[in-house]
Amino acid sequence: MKTLRVTLPRQSYDIHIGRGLLSQTGEKLKELGFSRRAVIITNPAIGALYAAALRRGLESAGFEAVLLEVPEGEKYKTLSSAGFLYRALSRQGAERMTPVLALGGGVIGDLAGFVAATYMRGVPLVQVPTTLLAQVDSSTGGKVAVDQGRLKNIVGSFYQPSLVLADISTLKTLPGSEFNNGMAELIKHAIIRDKELFARLEGGLGLLRSMDGDFLEEVIYRSVGIKAGVVEKDERDMGLRNILNYGHTVGHALESVSGFAIKHGSGVAIGMVAATLISQRMGFLAADESDRVIRLIKNAGLPASHSLADSGKIMRALQQDKKRAGGRVRFILLRSIGEVFLSDQVDLSLVEEVVKELYA
Ligand SMILES: NC(=O)c1ccc[n+]([C@@H]2O[C@H](COP(=O)([O-])OP(=O)(O)OC[C@H]3O[C@@H](n4cnc5c(N)ncnc54)[C@H](O)[C@@H]3O)[C@@H](O)[C@H]2O)c1
Ligand SMILES: [Zn+2]
Numbered sequence: 002m003k004t005l006r007v008t009l010p011r012q013s014y015d016i017h018i019g020r021g022l023l024s025q026t027g028e029k030l031k032e033l034g035f036s037r038r039a040v041i042i043t044n045p046a047i048g049a050l051y052a053a054a055l056r057r058g059l060e061s062a063g064f065e066a067v068l069l070e071v072p073e074g075e076k077y078k079t080l081s082s083a084g085f086l087y088r089a090l091s092r093q094g095a096e097r098m099t100p101v102l103a104l105g106g107g108v109i110g111d112l113a114g115f116v117a118a119t120y121m122r123g124v125p126l127v128q129v130p131t132t133l134l135a136q137v138d139s140s141t142g143g144k145v146a147v148d149q150g151r152l153k154n155i156v157g158s159f160y161q162p163s164l165v166l167a168d169i170s171t172l173k174t175l176p177g178s179e180f181n182n183g184m185a186e187l188i189k190h191a192i193i194r195d196k197e198l199f200a201r202l203e204g205g206l207g208l209l210r211s212m213d214g215d216f217l218e219e220v221i222y223r224s225v226g227i228k229a230g231v232v233e234k235d236e237r238d239m240g241l242r243n244i245l246n247y248g249h250t251v252g253h254a255l256e257s258v259s260g261f262a263i264k265h266g267s268g269v270a271i272g273m274v275a276a277t278l279i280s281q282r283m284g285f286l287a288a289d290e291s292d293r294v295i296r297l298i299k300n301a302g303l304p305a306s307h308s309l310a311d312s313g314k315i316m317r318a319l320q321q322d323k324k325r326a327g328g329r330v331r332f333i334l335l336r337s338i339g340e341v342f343l344s345d346q347v348d349l350s351l352v353e354e355v356v357k358e359l360y361a
């Protein structure tokens, strides 16, 4: 097991990464001094796989565990699901020190986190991420939210967890497409902040693919550590946190134009290729470094091209983001592997050229 401490002005917390952590949850929670009744929020599929182990882990340390399930899927990341959970918490007698455990991927983490942030003005939140994306990204940083129709994450808050337990054994049951989704963000962290991790990934893709436990533990630890380091410096997303959006400008546009047929991780992977090419053509990034980034993305089994013929549509979707960013399209660009910067000086004709080139 590896442990990382996230240090924030109001709430600091540990992230534990390792195998078989579900069964140690009770012991870890005990140290934090919460009430002896804990509520697990999950969906039926994840619950069937892991709720029993988590429950045993809690009960062996003297906790009583209550299980609450919401249906699977982003379409249930809503205020209506939150309402159902508030009523269930109240029925179960949950009070201010009752910890809420979010057992699942980013959907459950965001929803249960939102509920924990708002029920009785805030109860302790424990993130138990079970997808690679949630382990390297969404469980850390304190962004919690629900959707409102097509408006993703539009109602939310910053609410840090009290503890994050990333049990990498749970990744064994994760479908390959979901693993890839998380891989895009894992690689993104290396590209923006950690040249060494990038090189480890270049050399260890076989180990990653075969889910070698030691390798996974090491690279997840380092990847989430990068996110945590950025969050420590910019908890409320006022500046530096922007760099976590590497590849997301074009990525979001592709996702949206495809009607979300392109998954987030795929959008980000193609978007990272686009941002890398843009960085190179604007003269910021050397060709050999650009080649390495694109090669790693491809070798990791992530897409580097899209099949959306209408580049005009993609450009219009990009402009929608622009409105939100105060009139200019913002890009995170690469100076070298491990070093990025924010630019609103990217020529849209260059973006369109690259987007067209990536059509295959
Ligand atoms: N809060 C943040 O900072 C942040 C960051 C990135 C993404 N997000 C949010 O995260 C969500 C996406 O999260 P995700 O990619 O983890 O997807 P997800 O939560 O939808 O999980 C993907 C699928 O895998 C299943 N699953 C989860 N763990 C499993 C396991 N161990 N074995 C088998 N199946 C398992 C889930 O039931 C689901 O069907 C989006 O709602 C996004 O907005 C939040
Ligand atoms: Zn992302």
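In case it helps, my numbering puts the sequence shown at residues 2 to 361. Each residue gets a CB set at the ideal place from its N, CA and C atoms; glycine is no exception.
If you draw a 10 Å sphere on the C-beta of Y14, you find 16 or more other C-beta atoms in it, and that means buried.
At a cut-off of 7 Å, the beta-carbon of I109 counts as near ligand 1: some heavy atom of the ligand is closer than that. D111 sits in a helix when the DSSP states are folded into three classes. With 16 or more other CB atoms across the displayed protein chains lying within 10 angstroms of its CB, T43 is buried. Residue pairing by DSSP places Y360 opposite H307 in a beta bridge. Less than 8 Å separates the beta-carbon of I221 from that of Q136. When DSSP reads this structure, Y120 sits in no beta bridge, so it has no partner. In this structure, DSSP gives S158 an extended state, which the three-state scheme calls strand. If you check the C-beta of H249 against ligand 2, you find a heavy atom less than 7 Å away. With a cutoff of 7 Å, D138 counts as near ligand 1, since its C-beta is closer than that to a heavy atom of the ligand.
Following the DSSP letters along the chain, one finds Q128 inside the beta strand (DSSP E) bounded by residues 126-130. T132 has its CB nearer than 7 Å to a heavy atom of ligand 1. In this structure A185 is not in contact with V108, their Cβ atoms being roughly 17 Å apart against a cut-off of 8 Å. Counted as a single uninterrupted DSSP element, the alpha helix (DSSP H) harbouring T277 occupies residues 265-282.
Not one heavy atom of ligand 1 sits closer than 7 Å to the Cβ of G268. The criterion of a C-beta distance shorter than 8 Å is not satisfied by T250 and R194. Excluding five sequence positions before and after I298, the CB atoms of its chain that fall closer than 7 Å to its own CB belong to I188, A270, M273, V274, A305, given in chain order.
Taking 8 Å as the cut-off, the beta carbon of R38 is found closer than this to the beta carbon of T99. Contact between A113 and V101 is confirmed by a C-beta separation of about 6 Å, below the 8 Å threshold. Per DSSP, Y247 is not a residue of any beta strand (DSSP E), being assigned neither H nor E.
The beta carbon of V258 is closer than 8 Å to those of L309, D311, K314, I315, A318 in its chain, skipping five residues each way along the sequence.
Rounded to whole angstroms, the gap between the alpha carbons of P130 and L349 is 38 Å. Note that the stretch 204-212 does not touch the stretch 227-247; fewer than 3 beta-carbon pairs, one per stretch, sit closer than 8 Å. If you draw a straight line from the Cα of G226 to the Cα of L5, it is about 7 Å long. In this structure, the straight-line span from the alpha carbon of K357 to that of T277 is close to 15 Å. Between the C-alpha atoms of Q149 and L68 there is a straight-line separation of about 26 Å. Less than 8 Å separates the beta-carbon of L23 from that of Y51.
Per DSSP, reduced to three states, the secondary structure at F342 is strand. The residue among A53, L126, K196, L134 with its C-alpha nearest the C-alpha of E290 is K196. When DSSP reads this structure, R6 sits in a beta bridge with D15.
Ligand 2 has a heavy atom closer than 7 Å to the beta-carbon of E186. Judged by DSSP in its simplified three-state form, G105 adopts strand. Along the length of the stretch 136-187, whole beta strand (DSSP E) runs at least 3 residues long occupy 144-149, 152-159, 164-168, reported in chain order.
Between the alpha carbons of V355 and H265 lies a gap of roughly 19 Å. Nearest in C-alpha terms to I169, of all of D213, Y77, G123, M121, is D213.
According to the DSSP assignment, E65 belongs to the beta strand (DSSP E) that extends over 65-70.
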